[in-house]
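*Asks:*
2 protein chains.
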Amino acid sequence: MARTDTRFRQAHNQMLDHLRTLPHDAPLASEVQFATRLGVSRTVVRAVMQKLAADGILRQDGRGKRLVRAPRDKDRLPLRDDYIGRDELEARFLDWVLRFDVPAGTALNITQLARQFNVPTHALQEFLASLGQSGLIERRPRGGWRLLGFTADYAVELSEFRQVLELNAVRSFAALPADHPAWADLARVRDEHLDLLSRIERDYHDFSRLDGRFHALINSVVQNRFVAEFQKVISLIFHYHYQWDKTMERFRNEAAIGEHLRIMTALEARDGPAAEAAARTHLATSKETLLSSMRGHHLA
Amino acid sequence: MARTDTRFRQAHNQMLDHLRTLPHDAPLASEVQFATRLGVSRTVVRAVMQKLAADGILRQDGRGKRLVRAPRDKDRLPLRDDYIGRDELEARFLDWVLRFDVPAGTALNITQLARQFNVPTHALQEFLASLGQSGLIERRPRGGWRLLGFTADYAVELSEFRQVLELNAVRSFAALPADHPAWADLARVRDEHLDLLSRIERDYHDFSRLDGRFHALINSVVQNRFVAEFQKVISLIFHYHYQWDKTMERFRNEAAIGEHLRIMTALEARDGPAAEAAARTHLATSKETLLSSMRGHHLA
DNA sequence: ATTGTGCTTTTAATGATAAAAATCACCGCT
DNA sequence: AGCGGTGATTTTTATCATTAAAAGCACAAT
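Here the protein sequences come in this chain order: A and B. Per numbering that gives the first Met the number 0, the very first residue in the first sequence carries number 0; after that it's consecutive. Per numbering that gives the first Met the number 0, the very first residue in the second sequence carries number 0; after that it's consecutive.
Here's what the structure looks like:
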């Protein structure tokens with residue numbers, strides 16, 4: 000077969016919902032209006048109209064379209080469980096790779112993966128291609144894909160790259176003019192750190208999100224699409240690993256809060272070099288945590 | 000139809016070439032040996048063998064395969080002009096985008112582009128997806144692709160990103176131990192600069208390649224797959240723009256050689272800060288050149 | 001002039017299909 | 001038994017025809 004008619008079915012059902020709100024024998028809006036309202040092309044609207052006319056729900060002659068009878072529940076078209084979207088696919092794929100510790104060098108099987116993730120093979124192909132630049136995946140010369148895998152090497156290089164980007168961001172941050180809105184954000188995030196620190200015993204789990212916000216803030220002062228793109232990969236991977244390594248979690252998080260605070264204090268004092276040094280320390284810790292988490296997971 | 004049989008045809012012709020070197024009635028090697036020699040799977044070898052047997056060129060019963068008659072020229076299978084490879088596609092695509100100055104926001108037409116570049120639609124899809132991270136291209140929500148375009152913004156951000164990476168590389172370079180092989184490479188590249196400078200009047204065109212080698216050398220000391228990946232994009236784009244902006248080319252190149260030499264002198268003196276400063280100057284010039292080249296091209 | 005509809009053309013997502021690779025099963029020889 | 005080979009079968013992936021959806025065109029009605 001070809002394209003799914005999911006769009007048609009959804010539009011059809013939405014149209015039923017709309018018709019139900021209308022009084023009997025009411026005149027209907029134009030095709031273009033419906034098209035924009037439902038977010039589909041006019042072709043789909045026309046197909047829906049025709050179906051509805053055939054089912055005796057409305058009558059159409061030219062532009063004089065009218066409601067004939069109220070739609071019933073059995074008029075709805077069932078829609079098969081749809082394919083998952085791109086973001087969902089990304090999440091599931093990374094989860095699979097990282098959680099099951101797929102060995103480096105594994106040849107990926109498109110068909111099998113496509114079934115596993117419930118996507119058409121094409122979508123998977125495209126997804127893998129888009130992952131190409133992240134260095135996790137490689138195209139085999141004679142077709143097929145190979146998972147390069149999330150190795151220790153990879154983690155080291157990722158951390159170093161992260162360090163390059165983030166130290167640069169810290170330097171830029173320290174040089175911001177006093178009236179830049181980022182300073183207000185920084186004060187807010189600092190308070191959140193202090194707040195979390197006061198109740199760390201109980202809520203140490205909340206650190207992961209705060210960590211994400213902190214690094215996002217630091218990097219936000221560098222307006223650069225390439226940096227932003229990589230930041231996505233980086234935060235994704237670090238985020239995933241934080242989820243597992245539960246050893247010493249409370250301790251690690253408390254220490255990390257301290258390191259964050261030192262960076263922020265130095266920044267607020269406009270002391271660039273001190274901020275850079277503090278950031279360097281923090282990133283080193285972060286790298287160590289990532290590596291040890293990998294070692295632990297690998298032995299498991 | 001399905002997969003092309005290009006592989007089969009190529010293997011077939013290669014096999015003919017091989018058979019021609021053999022004496023009459025000679026016994027042939029095993030299928031596996033041919034498979035590895037021709038770089039294809041055994042299935043293809045068998046298909047070729049069968050065809051050759053059907054054409055009366057060889058006789059096969061079990062493992063006793065023998066040459067029956069020498070192959071003639073008309074036994075060769077014609078192979079239709081094959082699809083172009085990935086690198087070729089990349090080159091052509093960038094050439095198209097940059098040279099024809101395709102306006103930002105243009106919706107790309109897969110089918111048309113596939114015809115234009117002589118690739119199957121699928122290959123193009125995959126290529127566009129792989130370009131996703133480069134920020135030149137965007138997936139439209141309801142299918143299709145949009146060219147974000149090579150705008151001034153893009154050039155600025157690319158240059159800044161390049162600066163972050165390359166300054167980091169320069170710092171690493173200055174800190175290398177004295178016995179690192181990169182120092183020898185540096186001396187060689189420096190001599191090449193001096194050499195080109197002495198004959199700049201005539202050979203100023205040769206600078207583009209030397210420039211590429213210089214920056215590649217600087218970045219080679221950072222062993223990082225992410226850096227390497229981006230370096231590819233960066234050098235590609237800068238390379239393309241160098242090709243057009245012919246204004247003042249001789250002057251620009253001479254000046255650039257001087258800037259390169261200053262960086263190298265500082266490096267050889269192990270003066271990190273001086274090298275960084277020189278690199279900063281050079282990258283600023285480079286950025287200006289790129290921007291002005293774009294302005295010139297845009298008005299044309 | 002604007003808004004709407006009927007009809008046609010174009011485009012891209014999907015599944016079927018065939019080529020190629022990988023795997024299995026078995027044989028003959030040492 | 002173990003190695004090197006062939007025959008047959010089973011995946012697996014690149015390509016293409018097909019169809020839903022979008023875009024475009026011409027004209028009618030207000």
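Backbone N, C-alpha and C define an ideal beta-carbon position, used for all residues, glycine too.
Taking SER207(A) as the reference, give the member of ALA174(A), HIS259(A), GLY61(A), LEU164(A) with the closest Cα.
*Replies:* Minimum Cα distance to SER207(A) is reached at HIS259(A).
*Asks:* For chain B, check one thing: does any of its Cβ atoms lie closer than 8 Å to the Cβ of ALA10(A)?
*Replies:* Closer than 8 Å: no.
*Asks:* Please report the straight-line C-alpha distance between ILE233(B) and ARG161(B), rounded to a whole angstrom.
*Replies:* Computed Cα separation, rounded: 7 Å.
*Asks:* Is there a Cβ from chain A that is less than 8 Å from the Cβ of LEU88(B)?
*Replies:* By this cut-off, LEU88(B) is not an interface position.
*Asks:* Residues of chain B with CB under 9 Å from GLU309(A), in chain order?
*Replies:* The requested residue 309(A) does not occur in the structure, where chain A is confined to residues 0 to 299.
*Asks:* ILE83(B) and VAL67(B): beta carbons closer than 8 Å?
*Replies:* Taking 8 Å as the Cβ cut-off, ILE83(B) and VAL67(B) do not qualify as a contacting pair.
*Asks:* Using C-beta distances below 8 Å, list every residue in its chain close to MET293(A), excluding the 5 sequence neighbours before and after it, in chain order.
*Replies:* Once the five neighbours on either side are set aside, the close Cβ partners of MET293(A) are PHE149, ALA151, ALA154, HIS240.
*Asks:* For GLY104(A) and chain B, any beta-carbon pair shorter than 8 Å?
*Replies:* No, because no Cβ of chain B sits closer than 8 Å to the Cβ of GLY104(A).
*Asks:* Would you mind sorting ALA299(A) into buried or exposed? The rule is 16 or more other CB atoms within 10 Å of its CB.
*Replies:* Here the model assigns ALA299(A) a pLDDT of 47, short of 50, so the residue's position is not dependable and the matter cannot be decided.
*Asks:* Ends of the alpha helix (DSSP H) at ALA249(A)?
*Replies:* Note on residue identity: the sequence assigns Arg, not Ala, to residue 249(A). Per DSSP, ARG249(A) belongs to the alpha helix (DSSP H) from 248-267.
*Asks:* At the level of alpha carbons, what is the spacing between ALA10(A) and PHE229(A)?
*Replies:* Approximately 37 Å between the Cα atoms of the pair.
*Asks:* Whose CA, out of ARG58(B), ILE262(B), SER219(B), lies closest to the CA of GLU275(B)?
*Replies:* When only C-alpha atoms are compared, the closest one is ILE262(B).
*Asks:* Ignoring anything shorter than 4 residues, give me the alpha helix (DSSP H) runs that lie fully in the region 127-207 of chain A, in order along the chain.
*Replies:* Those alpha helix (DSSP H) runs which fall completely within the region 127-207 of chain A and span 4+ residues are 151-173, 180-197, 199-202.
*Asks:* Residues of the region 112-136 of chain A with a CB closer than 7 Å to any CB of chain B: list them in chain order, please.
*Replies:* Answer in chain order: GLN124, GLU125, ALA128, SER129, GLY131, GLN132, GLY134.
*Asks:* Give the secondary structure of LYS245(A) by DSSP, where H, G and I count as helix, E and B as strand, and everything else as coil.
*Replies:* Coil, per DSSP.
*Asks:* Does VAL44(B) have its Cβ less than 8 Å from a Cβ in chain A?
*Replies:* For VAL44(B), the answer is no, since every Cβ of chain A falls outside 8 Å of its Cβ.
*Asks:* Could you compute how far the alpha carbon of TYR203(B) sits from the alpha carbon of ARG251(B)?
*Replies:* C-alpha separation (whole angstroms): 9 Å.
*Asks:* Going by CA-CA distance only, name the one from ASP184(B), LEU185(B), HIS238(B) that's closest to GLY205(B).
*Replies:* Looking at the sequence provided, one finds Asp at residue 205(B) rather than Gly. Answer by Cα proximity: HIS238(B).
*Asks:* In three-state DSSP terms, what is GLN230(B)?
*Replies:* Three-state result, GLN230(B): helix.
*Asks:* Using only alpha-carbon positions, find the residue among ALA90(B), ASP24(B), ARG141(B) that is nearest to LEU123(B).
*Replies:* Here the closest residue by C-alpha is ALA90(B).
*Asks:* Counting only Cβ pairs nearer than 8 Å, list the residues of chain B close to LEU164(A).
*Replies:* Those within 8 Å of LEU164(A) in chain B are VAL163.
*Asks:* Would you mind giving the Cβ-Cβ distance between ALA174(A) and LEU266(A), rounded to the nearest angstrom? I have them listed as a contact below 8 Å.
*Replies:* 10 Å between Cβ atoms; not a contact.
*Asks:* Hey, would you say LEU164(A) sits closer than 8 Å to VAL226(A), going by beta carbons?
*Replies:* A contact, by the Cβ cut-off of 8 Å.
*Asks:* Would you verify that the beta carbon of VAL226(A) is, or is not, closer than 8 Å to some beta carbon of chain B?
*Replies:* Yes, its Cβ sits closer than 8 Å to a Cβ of chain B.
*Asks:* Closer than 8 Å, CB to CB, is ASN108(A) near chain B or not?
*Replies:* Cβ-Cβ to chain B under 8 Å: no for ASN108(A).
*Asks:* Determine which residues share a DSSP beta bridge with LEU107(A) and list them.
*Replies:* DSSP output for LEU107(A) lists TRP144(A) as bridge partner(s).
*Asks:* Residues of the region 245-271 of chain B in Cβ contact with chain A at a cutoff of 8 Å, in chain order, please.
*Replies:* Here the close residues number zero.
*Asks:* Relative to the C-alpha of ALA106(A), which candidate in ARG2(A), GLN32(A), LEU135(A), VAL118(A) has its C-alpha closest?
*Replies:* It is LEU135(A).
*Asks:* Could you give the DSSP three-state label for ASP60(B): helix, strand or coil?
*Replies:* ASP60(B) falls in the strand class under three-state DSSP.
*Asks:* Return the Cβ separation of SER129(A) and GLY131(B) in integer angstroms, given the expectation that the two are a contact with Cβ distance under 8 Å.
*Replies:* Yes, SER129(A) and GLY131(B) are in contact; Cβ-Cβ is about 5 Å, under 8 Å.
*Asks:* Cutting at 8 Å between CB atoms, please list the residues of its own chain near LEU216(B), excluding the five before and the five after it.
*Replies:* Cβ neighbours of LEU216(B) beyond the five flanking positions: ALA181, ASP184, LEU185, VAL188.
*Asks:* Taking only beta-carbon atoms, is PHE213(A) less than 8 Å away from chain B?
*Replies:* Not an interface residue.
*Asks:* Which residues in the same chain have their Cβ closer than 6 Å to the Cβ of LEU196(A), if we skip the five residues on either side of it in sequence?
*Replies:* ILE256.
*Asks:* Could you pull the start and end residues of the alpha helix (DSSP H) that LYS73(A) belongs to?
*Replies:* Taken as a continuous stretch (DSSP letters only), LYS73(A) belongs to no alpha helix (DSSP H), as it is neither H nor E.
*Asks:* Please classify ASN218(A) as buried or exposed, where buried requires at least 16 neighbouring CB atoms within 10 angstroms.
*Replies:* Burial call: buried.
*Asks:* Can you tell me which of LYS245(A), GLU248(A), ARG212(A) puts its alpha carbon nearest to the alpha carbon of LYS231(A)?
*Replies:* Out of LYS245(A), GLU248(A), ARG212(A), ARG212(A) has the C-alpha closest to the C-alpha of LYS231(A).
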